[in-house]
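Asker: Let me give you the structure first, and then I'll get to my questions.
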Amino acid sequence: MGVVHGEEMVLNIGPQHPSTHGVLRLKVKTDGEIISEITPVIGYLHRCFEKHCENVTYDQVIPYTDRCDYLAAMANNFGYVVAVEELMELKVPEKVEYIRVIMAEFQRIASHLLALGVYGLDIGAFTPFLFMLRDRERILDMFEMTCGARLLYNYMWVGGVSHDLPKGFVETAFQFLDYFEPQIEEYNNLLTHNKIFVERTADIGVLPPEVAISYGVSGPNLRASGVQWDLRRNSPYSIYDKFEFDVPVGDGGKGTLGDCWDRYYVRMLEVRESVKILRQALAQMPKDGDVHQALPKKIRPPKGSIYSRTETPRGDLGFYIESDGSPIPSRVKMRSPAFTALAVLGELAGGWMMSDVISILGSLDIVLGEIDR
Amino acid sequence: MAKYFRDIWESVSTMMTGMGITWMHMVRIKKNNVTLQYPEEKWPRPERNIGFDHGNYNVIRSRLHVDIDDCIGCLKCERICPVQCIKIETEKAPVRGEDIQDIGHIGVTSNSSRKALVVTRFDIDMTECCYCNLCTYPCPEECIYMTGGPNAHKHPIDYEFSEFDRSDLIYRFAKPGTKEGMEKMLNEDGAES
Amino acid sequence: MTVDQLFNWLNTLVPAMENSGLLLVVAILIPCLALFLVVAVNAIVMVYAERKVSAFMQDRMGPMGQGVGLHAGKWGLLQTVADALKLLTKEDIIPEKADKFLFILAPFVIFIGAFVAIIAVPFGETVIVADFNIGIFYILAMGSLGVIGLILAGWSSNNKWSLYGGMRSAAQIVSYEIPAGLSLIVVIMLTETLSMQGIIQYQEGGMFNWIIFSNPFAFVAFFIYFISVVAETNRTPFDIPEAESELVGGFHTEYSGMRWSFFFLSEYANMLVVSAVGAAGFLGGWHSPIPGYFDSNGWGVFWMLSKIVFLIFVMMWFRWTFPRLRVDQLMNICWKVFLPISLINIFGVGFWTLIFG
Chain E
1 MGVVHGEEMV LNIGPQHPST HGVLRLKVKT DGEIISEITP VIGYLHRCFE KHCENVTYDQ
61 VIPYTDRCDY LAAMANNFGY VVAVEELMEL KVPEKVEYIR VIMAEFQRIA SHLLALGVYG
121 LDIGAFTPFL FMLRDRERIL DMFEMTCGAR LLYNYMWVGG VSHDLPKGFV ETAFQFLDYF
181 EPQIEEYNNL LTHNKIFVER TADIGVLPPE VAISYGVSGP NLRASGVQWD LRRNSPYSIY
241 DKFEFDVPVG DGGKGTLGDC WDRYYVRMLE VRESVKILRQ ALAQMPKDGD VHQALPKKIR
301 PPKGSIYSRT ETPRGDLGFY IESDGSPIPS RVKMRSPAFT ALAVLGELAG GWMMSDVISI
361 LGSLDIVLGE IDR
Chain G
1001 MAKYFRDIWE SVSTMMTGMG ITWMHMVRIK KNNVTLQYPE EKWPRPERNI GFDHGNYNVI
1061 RSRLHVDIDD CIGCLKCERI CPVQCIKIET EKAPVRGEDI QDIGHIGVTS NSSRKALVVT
1121 RFDIDMTECC YCNLCTYPCP EECIYMTGGP NAHKHPIDYE FSEFDRSDLI YRFAKPGTKE
1181 GMEKMLNEDG AES
Chain C
2001 MTVDQLFNWL NTLVPAMENS GLLLVVAILI PCLALFLVVA VNAIVMVYAE RKVSAFMQDR
2061 MGPMGQGVGL HAGKWGLLQT VADALKLLTK EDIIPEKADK FLFILAPFVI FIGAFVAIIA
2121 VPFGETVIVA DFNIGIFYIL AMGSLGVIGL ILAGWSSNNK WSLYGGMRSA AQIVSYEIPA
2181 GLSLIVVIML TETLSMQGII QYQEGGMFNW IIFSNPFAFV AFFIYFISVV AETNRTPFDI
2241 PEAESELVGG FHTEYSGMRW SFFFLSEYAN MLVVSAVGAA GFLGGWHSPI PGYFDSNGWG
2301 VFWMLSKIVF LIFVMMWFRW TFPRLRVDQL MNICWKVFLP ISLINIFGVG FWTLIFG
């Protein structure tokens, strides 16, 4: 039976659309329900982050990094301060390292929970979304207890963190983890293994490992394609070499390797691994120690440049910082993982249906704040 | 054919599992409820908190507040602010560390440092504030802080400060009339000499 | 309470105008008014129930308040009233490039489809507006009138999203009419009548005389019927015509205010109608589950309403648990699963009645 080709229609998904995860515009060529070409148009959230950084001091950049990936602000803080510390050759106390890892892993859980929940919402399931937000809320409560903010923390400073962990944090964290682990099973029963959800996501938007690597995709999106690449394991920064954890990769459990379901499920598995790291870190953390001990009086890195990268919930976040010896950076460049993830969308989405495009876009877990910077 | 029936069975069983979960949540709503009936119940949640005390918070990012009597006009907060939402103007005090009755200026802070400057203008534009909390750290007198939490004894928490007019969100902490009073005083001094 | 009875009653009440056309019109208008009230009250109650059910399933409390005058009344009981007031006072926007006549017409077509069907719905032994001898056929026919409205709405809005929604709904509703209709044929074969009251009277004598339990094929037919009508009323997991995460709002993207609320009203009216048909056709209608007990006229209305409410609750339960299907999967399920099974059902019931009946 031949396929009837009608006239192609250009459809603009966004900038105001419920499931573009921000202000993204997708120019889509459609033939009925089938998509033939898809072009992302970005820049609606451009706030001149990089140019801005050239006008403020090193410590004033940190609140701006919060606002790049606003769903994983701790991870962005972490990436930036690690870069500056490397540039200054600063050694931070062990307690600070532990606190940072704990915060970053909690942030990873929070970010993944939102990503998974919103993905469910894209597919049309409302209830899992609210369940996941309910648990994310408790993580945010813990962040609030520590640094006062729920979303944009400005918590990690060059050479330390802004506050020590508050009284009762470790107990609360363990309490939360005990509560949270059974919840993962509930999410799986409610959404992950639901037949409709599997039908909507398995075999859809297959990203082969070669394509993923050639586009520079990183993080869970790359691991879902079966490539074992995690900066926490492959080039450990901070104290990640002290913990035992697995790097979950996609295995095509419900369909093909690298499909939307894999990308979803790898995130679910990573949440479990983060819980594992958190349990170790909370148990090993030194009880005393001053978190402000290594704070430099004046942040004035020597002349030179650095490229340092860390693993955020979205992947490989790189900071290139060039210093001319003054307290103001002469260039800050951010390599954002969500940008490469969006770049691969055009490769993935051609030939699928309208509903699948939303599903593929959701599975890439992009954050427009980070793409447009 | 076997796959056909297996698919049907899988669909039915997984969906029944999901429906069971939502059913259990529905009948246990009294125990599971996590929401707050906002205007009546306010944060922090009294009985459903997550296991720590409000007083244990390190800080709470709410509205910025300045105890102007303690401010020595050192401009540290103005300089550190990444978005330049703090505007401070100072005038040299005639005598260091002495009260000026006319404009309600108090010469010595509660940390007993003697002020050399009179703060004639201290505006914080809360529409621009990015709640990064950077301004509160360098303050030598700890007079600029975010309300509530550990600072609750200084100022109760205030996170409900929406206004109908945008200009009402510019908080002017300097005592009204300070600027005019200072100008008048300086002019009088100039006229006398 | 058929129109005939009303007409006779009015004739005896006003002997001067005996058999005049005016009395006939009055006799027709009275039940219409009552039906409109039923639809409106149904929508208000259902919206409240939907909010509460969804909230409870998601660990929330839903609309709450602290008494009349504050927020939304005790337990948020006045929330739907407030919603209705808000919708009534909202600005009515008609897009400039829309086909104005069709744009205005569409919500009414949908609403009329749902509204007219209720005429033949029996709420009790005597509580029915008109017991047609082709009742079930009539309801099916009127129920599918709504699809014209959906296509009109999608087309006339002059919006690509609306067009998608309209086209999807046309495909979906037309397809799902077939398994739903074939499942009802099982009922018709067993009862040998098309009249709604006749179908219900067949199921007299306790819950094991209900058609759903009469034989295994009818049991399967009930589930196929129920899932098909969920699809027909555009509820999740089959809500692809409105699919808010894909098509923004589908066919009602461009509608606002009262016009939009007509779509809403008719969605809930449709749910009422299909649940009533399900309750009457498979679950014994206004018969009590235990023969001889609670079997009076008033209890009849109670049983019918509770069966309808149960089915509507299950629809809400579906909606707040499941993700949404894709349009081609929807068609697959319809043509590859439901249609063959319902055809087998018809044969099965035929043989069953031949052998055991």
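Chains as they are written, first to last, in my numbering: chain E, 1 to 373; chain G, 1001 to 1193; chain C, 2001 to 2357. No residue lacks a Cβ here, since even glycine has one placed at the ideal position from N, Cα and C.
(1) So residue 1206 of chain G contacts chain E; which residues on that side make the cut at Cβ distance below 8 Å?
(2) With distances taken Cα to Cα, identify the nearest neighbour of residue 2199 of chain C among C:2297, C:2125 and C:2028.
(3) In its own chain, which residues sit with a C-beta less than 6 Å from the C-beta of residue 1087 of chain G, not counting the 5 before and 5 after it?
(4) Quick one: grab the DSSP three-state call for residue 65 of chain E.
(5) Using DSSP with H/G/I as helix, E/B as strand and the rest coil, what is residue 2025 of chain C?
(6) Per DSSP, what kind of secondary structure is residue 220 of chain E in: helix, strand or coil?
(7) Is any beta-carbon of chain C found at less than 9 Å from that of residue 1101 of chain G?
(8) Tell me where the beta strand (DSSP E) around residue 9 of chain E begins and ends.
(9) So residue 2060 of chain C contacts chain G; which residues on that side make the cut at Cβ distance below 8 Å?
(10) Starting from residue 143 of chain E, trace the beta strand (DSSP E) in both directions and tell me its first and last residue.
(11) Using a cut-off of 8 Å between C-beta atoms, extract the partners of residue 2160 of chain C located in chain E.
(12) Contact between the region 251–269 of chain E and the region 198–211 of chain E: three or more CB pairs below 8 Å?
(13) Could you name the residues of the same chain whose beta carbon sits closer than 7 Å to that of residue 1120 of chain G, not counting the 5 residues immediately before and after it, in chain order?
(14) What residue ranges within the region 1080–1143 of chain G form continuous beta strand (DSSP E) runs of no fewer than 3 residues, ordered along the chain?
(15) Just checking: is the beta-carbon of residue 2248 of chain C within a distance shorter than 9 Å of some beta-carbon in chain E?
(16) How many Å lie between residue 2038 of chain C and residue 114 of chain E at the Cα?
(17) Counting only the same chain and skipping the five closest in sequence on each side, list residues whose C-beta sits under 8 Å from that of residue 2095 of chain C.
(18) If we count Cβ pairs, one from each stretch, closer than 8 Å, do we get three or more for the region 303–321 of chain E versus the region 179–198 of chain E?
(19) Consult DSSP for residue 1065 of chain G and reduce its assignment to one of helix, strand or coil.
(20) Residue 2322 of chain C touches chain G at which residues, Cβ-Cβ below 9 Å?
(21) Name, please, each residue of chain G whose Cβ falls closer than 8 Å to the Cβ of residue 56 of chain E.
(22) My parser needs the alpha helix (DSSP H) runs of 4 or more residues fully inside the region 157–222 of chain E; what are they?
(23) State the DSSP-derived secondary structure class of residue 1011 of chain G, mapped to helix, strand or coil.
(24) Here's the rule I'm using: 16 or more other beta-carbon atoms within 10 Å means buried, otherwise exposed. How should residue 1115 of chain G be labelled?
(25) Helix, strand or coil for residue 2225 of chain C, going by three-state DSSP, please let me know.
(26) Interface residues of chain G around residue 2213 of chain C at Cβ under 8 Å?
(27) CB residue 2120 of chain C to CB residue 2131 of chain C, shorter than 9 Å?
(28) Which of the three DSSP states is assigned to residue 2181 of chain C in this structure?
(29) Quick check on the DSSP output: the alpha helix (DSSP H) that includes residue 363 of chain E runs from which residue to which?
(30) Based on the DSSP output, what are the partners of residue 1170 of chain G in its beta bridges?
(31) Name, please, each residue of chain C whose Cβ falls closer than 8 Å to the Cβ of residue 130 of chain E.
(32) If you count every other CB in all the chains shown that lies within 10 Å of the CB of residue 2012 of chain C, and 16 or more means buried, which is it?
(33) Measure the beta-carbon distance from residue 2339 of chain C to residue 2237 of chain C and round it to whole angstroms, keeping in mind my assumption that it falls under 8 Å.
(34) To which residues does DSSP link residue 319 of chain E through a beta bridge?
(35) Taking Cβ-Cβ distances shorter than 8 Å, what residues in chain C pair up with residue 1026 of chain G?
(36) Are the Cβ atoms of residue 270 of chain E and residue 236 of chain E separated by less than 9 Å?
Answerer: Taking the structure as given:
(1) This structure does not reach residue 1206 of chain G, given that chain G is present from 1001 up to 1193, and the question cannot be answered.
(2) C:2125
(3) 1123
(4) helix
(5) helix
(6) helix
(7) no
(8) 9–13
(9) 1033, 1034 and 1035
(10) Premise fails: residue 143 of chain E lies in the alpha helix (DSSP H), 127–147, not in any beta strand (DSSP E).
(11) 9 and 11
(12) yes
(13) 1089, 1090, 1091, 1174, 1178, 1179 and 1182
(14) 1086–1092 and 1117–1125
(15) yes
(16) 42 Å
(17) 2103, 2157, 2158, 2159 and 2254
(18) no
(19) strand
(20) 1015, 1018 and 1019
(21) 1082
(22) 169–187, 195–201 and 209–215
(23) helix
(24) buried
(25) helix
(26) Result: empty, since nearest Cβ-Cβ is about 19 Å, beyond 8 Å.
(27) yes
(28) helix
(29) 354–364
(30) G:1125
(31) 2058, 2059 and 2060
(32) exposed
(33) Contact flag wrong, Cβ pair sits at about 18 Å.
(34) E:308 and E:334
(35) 2053, 2056 and 2057
(36) no
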